[in-house]
Each structure stands twice: as C-alpha cells, then as structure tokens.
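Have a look at the structure below, then the notes.
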C-alpha cells in the first residue's frame, strides 16, 4: 500500500499540472479575444469581395476573350492543390487531428487526382513530412499573428500554379471559428471559383446590374482574382488561429477540471489510508494496554 | 434622392470607415473620380497609391491614403476595397518621407539591377501617397 508521503507527492504533482493548464487556459482566453477581433474585422472585406467578384465574373463572361482567361476556365480536376491550415502548437484537444483526418479523407475521396499539398502550420507539416506526400509549400510560425502579407506569400505560389495550369483546382481545409465552444471544420473549394452564393447572401440580385466599368470587366477580374485568393487564405488563417485558441481554451479547461477530480479522489484515498493507519495504531495501543493490564 | 451616401472603406485587416458622406474623391487607376449622391453604378480599380478624401455628413473633410484595390458604387453606397489603407491621423509623416526618399533612390539605382523595378515603383507610390495624404489640406 502506498504510504502517506507518496500520496502527498502525487497530489502536489497533479496540482502543479493543474496550475499550468489553468495558466494556459487564461493565456488562450486572452489570445482568443484578440484573434476573434481580427477575424471579425476581416470578415466584411471577404464578404464584399465575394459580392464584387460575383458581379464581375458575370460581366466578364460576355467578353469575347473570356475563354482565354485561366480564371474562368473549368478544367477537369486532374491535379488538385490542397491547402491545409493547422496550428503550430498542440495541446488543443482534437483540433489538429481532426484537420489532418479531414485532409486524409479528402485525399481518399479523390483517387484519380494527383494531390499537391500546401501546408500552413507545423502540425500538418510534421504529419505529411513523415509520409509520402507531394508538398509544394510549407509555412510554419506564421499563424500566431497572421498578417495580410503572410497570406499573400502563401497565395502567390498557388496563384502561379493555377495560372500556369499546373493545378486544376484548389481546396482549403481549415477550422472556422464559430464560438468559443465550437469550431467547424471547413473544406472549401477556392478555385475554380464556385459562386453559388451561400444561403441568404445578397449577391444574386445585384448580379444583373448594369455597371459602368472603368476597365474592361475581364481585366478587372484578372486583377481581382489573385486578391480573392489572398483574402480567402488570409481569412482561413485568421479563422484557424482563433479556432485554435478557442480549442485550446476548452481543452485546458477540461484538463483543469480533470486535475481537480484527480486531486479530490487522491485526497479522499489519502485520508482513508491515514485513518486506517491511526485506527491501527489505536488498536495496537489498546490491545497492548489490555495485555499489560 | 437621398442627399448622402453610405461610404465603406475596408482593408483585408479591418473596416476603416463606415459613415454617411456627401462626397467622395476616389483615386481610380485612370484618374480621380468624384462621387456624389445619385451616382450611376460603377466598378473600377484603384491607383496603386493615392489619396482619398471624403466629406462626412457633418461637413468634416477627411483624408485617407489608399494603396490599390477596387471601388464599387451602387445605389446610395460606395464601397472601397483597399489592399491597404491608412487614416491620415495614423500616418507617421517623418517615416513616410524617409520611405519616399529611400524609394526614390532605389528607383534611380535601378540600372545596377539592385532592386526589382516593380517593387521599387510600388514602394515609391505608397510612400508618395502617404506623404500626400499627410500633407493634404483639410
């Protein structure tokens, strides 16, 4: 049977762990607030961009040079680029493993296509590094505080590949930040642009409007598309960053309460052992006295 | 017809301005566009670096430096999607002037092939826009 001192040691060790998990929870909560603000600040731009793009691509269809544009072409997806956005650090529950599983599922669902990976975040990078996968780009340590320039850097190679016809479709897998408790896994088709507007969007009625175009719609589309890709990647980075903090906060919260349960159980057991020892001693004293008397 | 427009200026990182205005001057790629209430629907690219001014509904004129992007005028609403933008109040004038001098030098030293012409040009335009915005009369 473990002695009292062993129990005390274990309880102290669990308490230390609990302190760390509690601290991590607080840190994540603070970081989450900032990340959340950034996500919310970035959302209007992405939404406006989408609406504008819907209008433009409609107008550009009527351009006689439309068929030459790489952006509007629908190619058979033989080569697919997959952008996987994961976090750089662990200790966030099933956050990264869900993302990686989703990416593996995606690969399994597209057996005919050659899939090239662009990996943002250390966890996804480490996972695919050890496997036989085609990696065209890897970006670590940029998720802590993603800037637009970082996103543009990631997008640059993707844009080049798509334009040059090296890839026929681009998908992004990331976690969207919904609330502190929930993150939703999102698998989004980035290119070719799928402009079936999400439910409730206002883009559809505006599409028939007759704009004055300062530049030809197609030329503007050529300018707008790279921006669109950058913004989409920027947004998925921000969303994942916020979702990561939310996931870590939840994970650390449950770790702290687990530690509390363990401490309680250990304390109870320790007290039983202590009482058993005392009882035993009393019995010894009493029986010793009885024998002497 | 409404006598004000809703003016929204967004950059990828944040929403800079959302207010009712009576007039907006936009640095489009092919020259400045003045937008008053009742303007026809319009889509245009922005200049790589320019100064945007707007007169808020309370008559106060404000200046923003914008670097590239797009503008959409639709109904009683003007939306500017800038690649990046800075309010006049946020611009560090001395830093901007320094950047302008540096960028101009880079452009002049281009013969040596030291700098990428497009990048240098871009930098110069940005710096110029910041200085212009900071020194614009309000």
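Protein chains in written order, with my numbering: chain A, 1 to 293; chain B, 1001 to 1138.
Glycine is no exception: its CB is placed at the ideal position from the N, C-alpha and C atoms.
- Looking only at A:92, A:70, A:88, A:187, the smallest Cα-Cα distance to residue 105 (chain A) is reached by A:187.
- According to the DSSP assignment, residue 1123 (chain B) belongs to the alpha helix (DSSP H) that extends over 1117-1135.
- Beta-carbon to beta-carbon, residue 1120 (chain B) and residue 1103 (chain B) are separated by about 6 Å, close enough to satisfy the 8 Å threshold.
- When Cβ-Cβ separations below 8 Å define contact, residue 234 (chain A) makes contact with chain B.
- Identification of chain A residues near residue 1070 (chain B) by a Cβ-Cβ cut-off of 7 Å yields 52, 224, ordered along the chain.
- Residues of chain A with a Cβ closer than 7 Å to the Cβ of residue 1015 (chain B) are, in chain order, 41, 44.
- Cβ contact annotation for residue 78 (chain A) (same chain, cutoff 8 Å, sequence separation greater than five): 112, 113, 114, 168, in chain order.
- The C-beta of residue 249 (chain A) has 16 or more other C-beta atoms within 10 Å across all chains shown, which makes the residue buried.
- Per DSSP, the unbroken beta strand (DSSP E) holding residue 1031 (chain B) starts and ends at 1031-1035.
- Within chain B, the C-beta atoms nearer than 7 Å to that of residue 212 (chain A) come from 1040, 1041, 1042, in chain order.
- In the DSSP assignment, no residue is bridged to residue 1022 (chain B).
- If you check the CB distance, residue 214 (chain A) and residue 1044 (chain B) come in under 8 Å.
- Secondary structure at residue 45 (chain A): helix, using DSSP grouped into helix, strand and coil.
- With three or more CB-CB distances shorter than 8 Å, the segment 1082-1093 of chain B counts as touching the segment 1129-1138 of chain B.
- For the segment 156-243 of chain A, the continuous alpha helix (DSSP H) assignments of 4+ residues that do not extend past its boundaries occur at 203-206, in sequence order.
- Listed in chain order, the non-local C-beta contacts of residue 163 (chain A) below 7 Å within the same chain comprise 70, local neighbours out to five positions each way being set aside.
- Using beta-carbon distances, residue 1010 (chain B) counts as an interface residue toward chain A, with a partner under 8 Å.
- Under the three-state reduction of DSSP output, residue 153 (chain A) falls in the helix class.
- With its beta carbon at least 8 Å from every one in chain A, residue 1088 (chain B) lies outside the interface.
- Residues of chain B whose Cβ lies closer than 8 Å to the Cβ of residue 56 (chain A) are, in chain order, 1043.
- In the three-state scheme derived from DSSP, where H, G and I count as helix and E and B as strand, residue 1028 (chain B) is classed as strand.
- Looking at the DSSP output, residue 1045 (chain B) shares a beta bridge with B:1070.
- Scanning its chain for C-beta atoms nearer than 7 Å, with the 5 sequence neighbours on each side dropped, one finds no residue around residue 160 (chain A).
- Neighbourhood of residue 148 (chain A) in chain B, by CB distance below 9 Å: 1011, 1012, 1013, 1083, 1084, in chain order.
- Assigned with DSSP and collapsed to three states, residue 107 (chain A) falls in helix.
- Annotation for residue 1051 (chain B): 1027, 1063, 1065, 1129, 1132, 1133, 1136 place their beta carbon closer than 7 Å to its own, counting only its chain and skipping 5 residues before and after.
- Between residue 246 (chain A) and residue 173 (chain A), the CB-CB gap reaches or exceeds 8 Å.
- Taking CB atoms only, residue 34 (chain A) has no neighbour in chain B less than 8 Å away.
- If you draw a 10 Å sphere on the C-beta of residue 149 (chain A), you find fewer than 16 other C-beta atoms in it, and that means exposed.
- Per DSSP, the continuous beta strand (DSSP E) segment holding residue 1077 (chain B) begins and ends at 1077-1087.
- Setting aside the 5 residues that flank it on each side, residue 35 (chain A) is surrounded in the same chain by 241, 242, 245, each with a C-beta closer than 6 Å to its C-beta; the list follows chain order.
- Non-local C-beta neighbours of residue 116 (chain A) in its own chain, meaning closer than 6 Å and more than five positions away in sequence, comprise 81, 134, 136, ordered along the chain.
- For residue 1008 (chain B), the enclosing beta strand (DSSP E) has its first and last residue at 1005-1011.
- In this structure, the CA atom of residue 1105 (chain B) is about 53 Å from the CA atom of residue 251 (chain A).
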